[in-house]
Amino acid sequence: MLRFTLERLIGMVITMALVSVMVFLIMEIPPGDYADRYAFRKYSGTGVNVTEADIQAIRADLGLDKPMMLRYFDWIGGIVLRGDFGQAFAFETSVVKVIGDKGWLTLGILFATLLVTYLVSIPVGIFAAVRRASAMDYGLTIFSYLGLALPNFLLALVLLYFANRWFGADIGGLFSDQYADAPWSLAKVWDMIKHLWLPAVVLAWSAVAYQIQTVRATMSDELNKLSVTVARARGVPETKLLIKYPARLAINPIVSTIGFDVNRIFSELPIVAVVLGLTELGELLLRAYLDLDMYVAGAILLLLTFTIVFMNFVSDLLLAWLDPRIKLGA
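Under UniProt numbering, think of the first position of the sequence shown as 1, with each following residue one higher.
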């Protein structure tokens with residue numbers, strides 16, 4: 001298991017190194033840089049004639065005149081050695097301060113969504129497989145089809161409407177009014193947790209529907225295996241039998257797709273955040289691209305990508321723990 005973990009860890013480090021190069025190249029793709037945008041915003045409409053020499057001076061002052069390779073190594077070296085993601089030019093402060101709470105709140109929404117997804121889909125999928133062809137199984141199948149057909153942002157609108165109409169409550173955002181701008185405290189954390197269920201349910205909606213069908217199918221297949229029949233014949237209690245044999249292997253496809261679920265959540269979060277009034281990194285990423293504030297954009301892309309790669313690493317370890325055949329074949 002130690003060898004398996006080290007191999008996956010080395011693979012994750014190599015992947016992130018390649019990802020950092022790709023992210024930096026994406027940062028370089030847009031024409032121009034922040035020096036052009038800065039000059040345009042500062043002198044537009046003032047009648048001042050901005051020359052190329054002026055822009056070059058701004059570029060040198062911002063450190064954007066260095067060769068691309070040197071800027072990449074300065075950028076990635078600052079991240080690895082000092083945790084410094086560079087300067088946020090448009091905000092005139094560091095990238096770490098700009099991302100700040102938005103990064104942690106985005107990760108909070110992510111892990112809350114994953115928690116809801118697996119806590120619901122795995123036991124419900126197992127139950128549907130055990131009670132196959134029952135009325136409950138057919139009902140869960142209909143729910144799954146509905147979950148796959150109904151977009152997440154539409155569900156968010158429906159929940160907001162009924163919450164306001166029936167309870168007169170505004171459940172948008174992640175904080176109550178009194179905690180929105182308050183410093184962090186246990187009371188503020190608890191207030192956030194009370195609001196976190198809605199985006200978690202909305203973002204988990206389609207994933208739960210899909211994963212229920214996945215668990216149901218794999219569990220049904222595992223229930224027909226000879227090992228299950230033999231264990232049942234030996235008098236193993238049914239609950240223990242289900243957990244030890246078919247359920248443990250039936251959730252392998254779920255565990256193996258954790259990285260894909262993370263990617264899907266990040267893709268769907270921006271539009272859901274607009275509907276629910278959430279604080280997250282999607283809007284900041286778009287703004288950074290429009291402003292050509294590329295160190296902010298690069299830091300966000302690197303953070304999101306690292307989260308996906310790390311969750312794939314966790315997925316590999318969980319798979320090896322659930323199914324020893326995986327680490328033996330590594």
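Even glycine gets a Cβ: it sits at the ideal position worked out from N, Cα and C.
Counterpart residues of residue i in DSSP-defined beta bridges
i, result
"Ser94", "Gln87"
Coil, strand or helix - residue i by DSSP
i, result
"Asn224", "coil"
"Gly277", "coil"
"Val116", "helix"
"Ala330", "Because the pLDDT at Ala330 is just 46, under 50, the model does not fix this residue reliably, and the point stays unresolved."
"Val13", "helix"
"Trp205", "helix"
"Asp101", "helix"
"Phe175", "coil"
"Trp184", "coil"
"Asn49", "coil"
"Met27", "helix"
"Gly108", "helix"
"Ala165", "The sequence given here has Arg at residue 165, not Ala. Three-state result, Arg165: helix."
"Asp33", "coil"
"Arg234", "coil"
"Asp261", "helix"
"Met22", "helix"
"Arg287", "helix"
"Met1", "coil"
"Arg8", "helix"
"Arg216", "helix"
"Asp65", "coil"
"Arg131", "coil"
"Ser121", "helix"
Range of the contiguous alpha helix (DSSP H) that encloses residue i
i, result
"Phe306", "294-322"
"Ile254", "252-256"
"Trp75", "68-82"
"Leu61", "It should be pointed out that residue 61 corresponds to Asp in this sequence rather than to Leu. Run containing Asp61: 52-62, per the alpha helix (DSSP H) assignment."
"Lys240", "238-242"
Residue i beta carbon near the ligand ADP (any heavy atom closer than 8 Å)
i, result
"Arg59", "Among the components modelled here there is no ligand, and therefore nothing to report on the ligand ADP."
Proximity winner among the options, relative to residue i (alpha-carbon distances)
i, options, result
"Ala57", "Ala39, Met136, Leu303", "Ala39"
"Lys244", "Pro199, Ser227, Ile300", "Ser227"
"Ser267", "Val274, Val255, Gly282", "Gly282"
"Met192", "Gly108, Val21, Leu25", "Gly108"
"Ser144", "Ala320, Arg248, Gln211", "Gln211"
"Thr307", "Leu25, Ile55, Val19", "Val19"
"Thr93", "Ala231, Trp321, Val296, Leu110", "Val296"
"Leu140", "Leu174, Ala247, Thr214, Leu110", "Thr214"
"Leu62", "Arg82, Gly86, Met69", "Gly86"
"residue 351", "Ala217, Pro237, Ala200", "The question about residue 351 has no answer here: the residues shown for the chain are numbered 1 through 330."
"Pro90", "Ala35, Leu70, Arg165, Leu81", "This sequence places Ala at residue 90; Pro is not what is there. Answer by Cα proximity: Ala35."
"Trp75", "Trp104, Glu28, Phe111, Leu114", "Glu28"
"Leu301", "Gly103, Ala149, Asn224", "Gly103"
"Val189", "Phe175, Leu198, Trp197", "Phe175"
"Glu280", "Ala53, Gly100, Ile10", "Gly100"
"Ser220", "Ser256, Tyr289, Val124", "Val124"
"Val262", "Gly147, Ala209, Thr113", "Thr113"
"Ala149", "Arg131, Leu110, Ala207", "Ala207"
"residue 336", "Gly277, Val116, Phe310, Met294", "The structure shown does not extend to residue 336, since the chain spans only 1 to 330, so no value can be given for it."
"Gly173", "Val80, Arg232, Leu105", "Leu105"
Chain B within 9 Å of residue i, Cβ atoms only
i, result
"Phe85", "No chain B is part of this structure, which consists of one protein chain only."
Item checked: Segments of 4+ residues assigned as alpha helix (DSSP H) that fall wholly inside the segment 134-158 -> Counting whole runs of 4 or more residues, the segment 134-158 contains the alpha helix (DSSP H) stretches 135-149.
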